[in-house]
Amino acid sequence: MKLAKVVGNVVSTIKTPSHQNKKLMVVIPVDAQGNECGEAMIAFDRFQAGVGDYVLILEEGGSARDILEDPKGSFDAVIAGIVDRLH
1 MKLAKVVGNV VSTIKTPSHQ NKKLMVVIPV DAQGNECGEA MIAFDRFQAG VGDYVLILEE
61 GGSARDILED PKGSFDAVIA GIVDRLH
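Below, the structure written as structure tokens:
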């Protein structure tokens, strides 16, 4: 799992069938202090994260399929949870 910050959303009018009706967010990995420490990526969001939220990201297809409840979908990264605060 990685800690990341949501920095935007993605609007896509044409998607593969497994991606229909799924929310896409742009996230940037951050360290424990909230400093950016990686490249931006797109992650599927099932937990209604918003811009500015800190989130936990999974980058493993099997776990992403479990979270999105789509055993045949093609997913790379998914938001696994929203972080309430960083210490």
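Numbering (this note's numbering), first residue to last: 1 to 87.
Idealized CB from N, CA, C, for every residue including glycine.
On a predicted model such as this, the values are computed, not experimentally measured, just so you know.
Quick one: which unbroken beta strand (DSSP E) runs of 3-plus residues sit fully inside the stretch 38-62? Chain order, please.
-> 41-45 and 54-58
N- and C-terminal bounds of the beta strand (DSSP E) containing residue 9 | 2-10
What number of angstroms, rounded off, separates the C-alpha of residue 19 from the C-alpha of residue 43?
-> 11 Å
Answer yes or no: do residue 78 and residue 6 have a C-beta to C-beta separation smaller than 7 Å?
-> no
On the DSSP bridge assignment, give the partners of residue 23 in chain order.
-> 45
DSSP beta-bridge partners of residue 28 = 5
Kindly identify the DSSP beta-bridge partner or partners of residue 81.
-> 56
Identify which residue in 13, 69, 84 and 2 has its Cα closest to the Cα of residue 49.
-> 84
Excluding the five sequence neighbours on either side, which residues of its own chain have a C-beta within less than 8 Å of the C-beta of residue 8, listed in chain order?
-> 25, 26 and 51
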